[in-house]
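A short worksheet on the structure shown next.
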């Protein structure tokens with residue numbers, strides 16, 4: 001095989017692209033991952049790392065089914081990655097409290113409790129006294145909380161780093177600073193990608209480039225509407241741990257990390273392409289967080305940052321085979337659920353490319369009915385927006401005077 | 001001269017100690033400065049750099065007289081330091097707006113206007129419309145402002161660095177990471193200092209160690225009550241400069257730095273020995289700053305920090321000769337005015353040590369009546385607290401089971 | 001004028017793009033600058049800031065003519081930028097020593113002395129004793145040095161920041177995080193650019209995007225061969241300034257910055273797309289620097305970094321009008337000379353776009369015969385590689401299986 | 001109990017002081033730890049974290065006996081700390097290769113092999129081929145290596161943080177930014193410490209303040225000669241892990257951390273009080289490291305730092321009861337072995353203070369004969385210098401005009 005050909009090319013070095021590389025390499029597949037900048041420093045590094053399969057979901061449809069299966073993959077994955085790379089991804093399985101601060105929120109959470117129990121998940125409404133007994137730092141304004149013992153969290157920046165390193169240990173070629181300029185196609189097949197250092201040919205190309213995926217696909221006529229939704233976060237430190245469980249409420253979550261560190265997120269700024277943390281965004285988030293947990297006021301400021309979540313027109317990711325271009329796959333648009341969905345996305349993509357499940361792997365039987373739910377074939381998808389908690393504006397497509405790019409031959 | 005003797009020793013490498021070293025070295029005096037850690041990284045580095053000779057002062061007493069003389073020294077000093085070190089200390093002489101947001105504040109500022117004019121200083125009350133014409137970013141809540149065209153600002157961290165470098169270029173020996181453990185005395189004279197590397201002898205020792213000065217002096221029975229007052233600050237960036245003049249109001253100031261950077265300060269936390277930036281302190285300061293200038297909400301967050309201002313019992317610094325120990329001088333307790341007072345403190349101290357004014361130097365005639373106002377001989381000082389704007393609690397001395405340090409011979 | 005149209009669009013927010021924006025805005029021209037990431041953080045921020053009009057040049061051709069004119073623009077520019085933004089760009093005009101450490105180097109430098117004097121520039125060969133008298137820190141291995149008193153240096157990161165801010169103060173619209181995906185053309189005219197947020201139309205588009213310019217132009221069939229040449233640098237600090245003049249020798253330069261900081265550069269790694277600083281590159285550079293100035297060994301380590309210099313096939317920049325597409329301009333490929341050439345590039349580009357020189361501007365008469373020397377019309381250009389000091393390998397074009405990008409309509 | 005009294009006071013918040021606090025708190029003891037700055041940021045944060053019970057030792061005396069017992073405590077400790085704080089201290093038990101690059105080194109290591117086997121430890125001489133089979137990245141210059149499978153490593157900065165947090169979770173009061181100015185004594189007993197905020201009384205005071213301990217003890221006439229030995233380090237990153245085991249050779253060690261990070265140490269600069277990383281120190285260390293492992297040249301530079309190791313006159317720590325002052329203990333002077341010895345130091349100190357071993361604790365029977373080996377009663381100690389590998393100069397006491405601190409009542 002020449003240096004200008006690879007059996008599989010993955011475009012994008014975030015948590016999704018590196019997960020796909022990892023699951024392919026684990027099954028012995030030679031694969032090349034191309035990332036235009038550094039690995040895992042965009043949305044993957046900005047995430048708080050919640051594994052909110054239940055807390056983030058509004059119904060028991062495909063997203064929920066994928067999410068809970070993916071969540072269940074973390075314990076084994078954590079061990080594998082540590083073994084291969086020495087990196088501890090910081091998996092914590094202490095559960096999550098979905099906190100109500102008003103009657104309306106309480107009613108909403110009680111409805112969720114029923115829904116999730118019906119789906120076979122653990123979920124328990126706690127009175128204010130019960131919730132405060134579990135987490136004494138909760139604000140006195142707490143009306144109660146829905147306790148989700150199976151949700152958890154990981155250290156998101158370390159997850160991406162661990163996937164990338166593990167893939168390389170298993171033989172994958174992972175190239176940072178290798179921007180893909182375009183997709184190469186011939187007779188309705190993908191044949192490779194164009195990079196600044198020349199073309200790289202392949203029969204299988206996976207586009208896992210977050211928000212940027214839309215532009216890359218658009219350049220060959222595949223229209224997958226996507227836009228960035230900026231989220232601003234901050235972190236503080238306390239001398240000893242104040243929380244064991246993640247707190248989650250409308251507009252604010254507080255995730256306890258190792259060593260008394262607390263990560264607080266996140267604002268919602270749709271259609272923002274910059275990563276500026278604004279003073280007003282920060283002030284608003286601080287106020288909400290202190291409403292959830294008064295003792296936060298005494299905590300020591302650490303830092304603020306932001307990330308751009310890749311959102312899609314209907315709020316659901318684009319994971320699957322592009323119907324009109326053979327050999328081309330997408331794995332993008334995970335919005336707030338990229339960390340959570342990374343294992344299952346990597347595994348399913350590896351199954352599709354390699355044809356059948358890998359021996360010894362945890363089965364995907366439970367999502368069999370939902371395997372095509374996120375297909376980039378848009379026609380059958382009903383446009384809806386999930387994650388309504390964040391209250392983002394409905395997607396409005398920008399004006400469509402399309403780029404006219406011509407190529408010399 | 002042996003390596004264990006220096007004609008003058010300065011203890012403390014902040015903006016005060018390095019200024020004294022600079023003015024001594026400039027007059028040809030051999031001098032050794034000892035700093036326990038890095039140079040200029042404590043209160044000097046945390047300061048916003050306001051030269052508020054008028055904005056900070058409440059009467060026309062000694063502090064005001066020293067302050068306005070010191071302020072007048074900056075233009076020439078700026079040129080000297082740049083010539084010797086290449087460092088531009090960022091002197092800006094665009095004036096300051098003391099902003100009123102209420103009737104009470106307006107009345108208070110109008111009284112200041114009269115007082116300062118009577119003292120021969122420029123000061124002009126501006127209506128809200130006039131103030132906003134000068135600084136369009138002022139909040140709509142502005143009731144008016146006292147315009148102080150002669151007040152200015154510098155880059156505080158660079159000032160300390162420039163003093164230290166310039167002193168060395170002129171021959172001073174400046175030693176970071178050289179902690180002084182105690183003062184050596186004999187027959188009511190200072191004879192040197194004790195360091196971890198052994199004693200260093202001298203007939204002149206200047207204690208310019210900020211808050212820590214009180215402990216060092218206390219160890220030989222000189223009681224100069226001092227305590228730290230923590231101030232928390234933050235900075236933001238804007239694409240183009242929003243302000244030309246410094247804004248100043250009760251509890252908040254906004255200082256425009258080069259390149260669209262704005263420094264916002266400061267909280268007041270007396271008797272705090274740590275440098276933790278608390279979430280509540282930050283949130284409160286943000287709210288006040290946005291009240292002063294609404295557009296700040298869109299600015300880009302940069303960072304937060306804090307410093308410990310060295311406060312004294314009566315709010316006035318301790319600058320002078322210790323009456324009971326020959327050869328021992330103090331230059332500490334400058335509270336919020338260390339940057340502003342650093343030139344005059346350095347110059348006066350050099351005059352005292354070298355006996356008479358240096359040729360070619362700007363005279364200190366204007367403060368002649370006030371030369372002893374800050375003497376560390378406490379008996380004649382009337383206890384009062386200046387800088388009442390910050391509203392700190394009255395000083396309460398902690399329990400006094402003192403340790404006394406004597407020197408064996 | 002609608003929000004989707006701008007009279008002039010500049011693509012690229014480095015020191016070249018922001019200079020063009022500044023010179024256009026200064027003449028009253030409405031202009032929009034689009035930068036895909038943060039402003040001025042790529043090659044512009046990595047540069048050491050040498051203004052080596054003489055030290056870098058090998059003949060007295062076009063590059064030299066542009067360079068010396070551009071160098072002469074800095075004093076006035078420095079004042080303008082400081083006035084508009086408060087930013088001091090750190091212009092130092094202390095000259096440069098081109099140091100010889102061997103007979104061969106001495107001969108080479110003596111030849112340069114003749115050449116440069118013939119061109120009317122100041123240049124003087126100094127014996128080892130004379131050179132060491134000027135800069136006592138020079139290594140004992142010094143054989144002599146060519147003294148170039150007119151060369152100087154600036155603070156490169158601050159220059160880009162100052163251009164960007166000044167342009168905005170003068171009315172330019174400068175947008176970071178606004179990536180340009182393609183150029184829009186119609187009937188052999190440029191009509192605008194495509195961004196993620198939609199198209200932006202204009203009759204004048206300047207491509208000033210460093211290394212990335214080649215890809216953008218290539219997408220519409222304009223072939224301008226370019227490739228990155230990585231340069232690794234480091235900096236140290238000394239208690240007092242050790243150098244006044246910049247030192248320059250084969251493979252190493254040492255640039256004295258304010259406050260005793262020394263910037264040392266730079267390795268040459270052609271065709272490197274990453275910005276990794278390698279241990280071996282750093283070790284080699286340290287050795288060369290200590291050979292030039294032994295006292296560097298005692299200096300305090302500060303940090304290491306790298307940048308990608310945009311190199312062209314023949315070593316000369318592409319500055320001019322694209323002959324085949326009306327309204328399209330290039331200003332890229334400045335290699336090691338971007339900081340130095342930024343003023344003249346901005347000024348000439350403004351003259352071309354606005355038709356004629358601006359009133360009150362310094363003339364470009366001295367480069368009139370060389371105005372078309374860097375035209376992106378490649379046919380008449382003789383391929384040669386300048387800056388041979390760095391010894392980079394001859395340019396080899398990568399394989400040219402061209403990208404096939406198709407667009408849906 | 002009043003706020004001015006604590007049953008036990010520990011002075012110093014590095015890995016030794018926090019370990020003592022942890023082992024005391026674990027047994028239910030109320031304890032106050034006072035640290036003058038931030039916790040764990042001095043020598044503890046600079047350490048590479050080797051647990052070199054065998055690699056660092058030169059004989060099978062007390063230091064070796066304490067070291068191997070302490071090493072054996074890490075697995076259980078790691079679990080406890082993770083449970084209490086969420087912090088994974090990064091314990092790696094992959095062994096260490098003591099590499100020979102010359103005949104002399106080979107002979108020396110073969111002698112060590114015999115010595116350590118005689119002491120019941122695992123140690124195996126490997127030929128160059130065998131060593132390279134284990135670690136293919138070893139330099140071709142390798143003559144062989146002594147394989148020590150029981151030595152390991154931890155993440156040193158996280159160890160100090162975990163001890164401090166765990167102690168607080170268990171009830172200890174841990175106060176950063178609380179400098180101790182002097183020890184309070186009465187009638188040959190310690191009665192407390194003096195702080196800036198007043199006195200704090202206690203019947204038990206442990207001085208665990210690293211290099212600074214000597215000064216504090218000296219102030220009441222306890223002479224324990226100590227001096228700092230600066231060590232400069234750096235770290236690099238590789239895309240995939242290059243090493244599993246720590247490499248150790250004269251003057252250089254390379255410790256593989258999680259995620260492909262390699263920590264390289266360390267220079268030896270005795271009697272240095274600053275923490276400056278010098279260019280020459282760094283260059284020398286780089287050369288040695290590349291001699292050990294050529295592939296290091298391609299690694300990506302991360303950063304450099306330094307720390308001050310607290311060395312004693314005879315190279316052995318001062319751990320024990322001060323014979324002349326009842327209630328006063330020392331735990332300092334651990335030189336290069338602070339991380340390794342921290343568990344056993346904390347446990348033994350807790351046993352001494354609380355009288356007898358804690359139930360359920362791992363016994364200290366194996367060091368029973370060596371319990372007094374490090375007593376701060378210096379008279380019986382034979383002066384010798386261990387760790388001769390680093391070749392530091394013999395200790396020379398500085399001039400001794402001492403200051404004595406007495407307490408007024």
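Protein chains in written order, with full-length UniProt numbering: chain A, 1 to 409; chain B, 1 to 409; chain C, 1 to 409; chain D, 1 to 409. Glycine included, C-beta positions come from ideal geometry on N, C-alpha and C. From a predicted model like this one, the values you see are computed outputs, not experimental measurements.
Problem set entry | Neighbouring residues, chain D, relative to residue 168(A) (Cβ below 8 Å) | 239, 240
For this session: Report the neighbours of residue 293(D) on chain C: residues whose CB is nearer than 9 Å to its CB, in chain order.
Result: What residue 293(D) touches in chain C: nothing, since even the nearest Cβ is about 10 Å away.
For this session: Starting from residue 176(B), find everything on chain D with Cβ-Cβ shorter than 7 Å and list it in chain order.
Result: 274
Exercise. Count the other CB atoms within 10 Å of the CB of residue 363(B); is the residue buried (16 or more) or exposed (fewer)?
Worked result: exposed
Problem set entry | Residues in the region 255-274 of chain B having any Cβ partner in chain A nearer than 7 Å | none
Exercise. Does any C-beta atom of chain B lie closer than 7 Å to the C-beta of residue 161(C)?
Worked result: yes
For this session: Have a look at the DSSP bridge pairing and note the partners of residue 256(B).
Result: 262(B)
For this session: Examine chain A for any beta-carbon lying closer than 7 Å to the beta-carbon of residue 278(B), and answer yes or no.
Result: yes
Problem set entry | residue 378(C) versus residue 369(C) - alpha carbon distance | 18 Å
Exercise. Is there contact between the region 85-98 of chain A and the region 233-249 of chain A, where contact requires at least three CB pairs shorter than 8 Å?
Worked result: yes
Exercise. Within the 7 Å Cβ cut-off, does residue 106(A) reach chain B?
Worked result: no
Exercise. Does any C-beta atom of chain D lie closer than 7 Å to the C-beta of residue 215(B)?
Worked result: yes
Exercise. Is the beta carbon of residue 210(D) less than 7 Å from the beta carbon of residue 310(D)?
Worked result: yes
Problem set entry | Short-range partners of chain B found in the region 80-104 of chain C, where Cβ spacing is below 9 Å | 82, 84, 85, 86, 87, 88, 90, 92
Exercise. In chain C, which residues lie less than 7 Å from residue 165(A) when you measure between Cβ atoms?
Worked result: Those do not exist, as residue 165(A) stays about 16 Å from chain C at its closest Cβ, beyond 7 Å.
Exercise. Would you say residue 181(C) reaches chain A, if we count a Cβ-Cβ gap shorter than 7 Å as a contact?
Worked result: yes
For this session: State yes or no: is the C-beta of residue 338(C) within less than 7 Å of the C-beta of residue 19(C)?
Result: no
Exercise. According to DSSP, is residue 226(D) helix, strand or coil?
Worked result: strand
Exercise. Curious, which full-length alpha helix (DSSP H) runs of at least 4 residues does the region 26-51 of chain C contain?
Worked result: 43-46
Problem set entry | chain D contact residues for residue 322(C), given Cβ-Cβ distances below 9 Å | Within chain D, no residue comes near residue 322(C); the closest Cβ sits about 38 Å away, beyond 9 Å.
Exercise. Thinking just about the alpha-carbon of each residue, which of 258(B), 316(B), 186(B), 98(B) is nearest to the one in residue 169(C)?
Worked result: 258(B)
Problem set entry | Under 7 Å (Cβ pairs) to chain B, residues found in the region 294-323 of chain A | 296, 297, 298, 299, 300, 301, 304
For this session: With distances taken Cα to Cα, identify the nearest neighbour of residue 221(B) among 197(B), 188(B), 308(B), 252(B).
Result: 188(B)
For this session: Show which residues of chain B have a CB atom less than 9 Å away from the CB atom of residue 140(A).
Result: Chain B residues near residue 140(A): none, gap ~16 Å exceeds 9 Å.
For this session: Give the range of the beta strand (DSSP E) segment to which residue 302(C) is assigned.
Result: 300-312
Problem set entry | Three-way DSSP call (helix, strand, coil) for residue 89(B) in this model | coil
Problem set entry | Within chain D, the residues that residue 286(C) reaches when beta carbons sit closer than 7 Å | 279, 283
Problem set entry | Contacts around residue 350(B), its chain only, beta-carbon distance under 8 Å, and the 5 residues preceding and following it disregarded | 20, 23, 24, 26, 27, 29, 358
Problem set entry | Every unbroken beta strand (DSSP E) within the region 158-195 of chain D, with a cutoff of 3 residues, ordered by chain | 173-175, 180-186, 189-195
For this session: Determine, using beta carbons only, whether residue 18(C) comes closer than 7 Å to chain D.
Result: no
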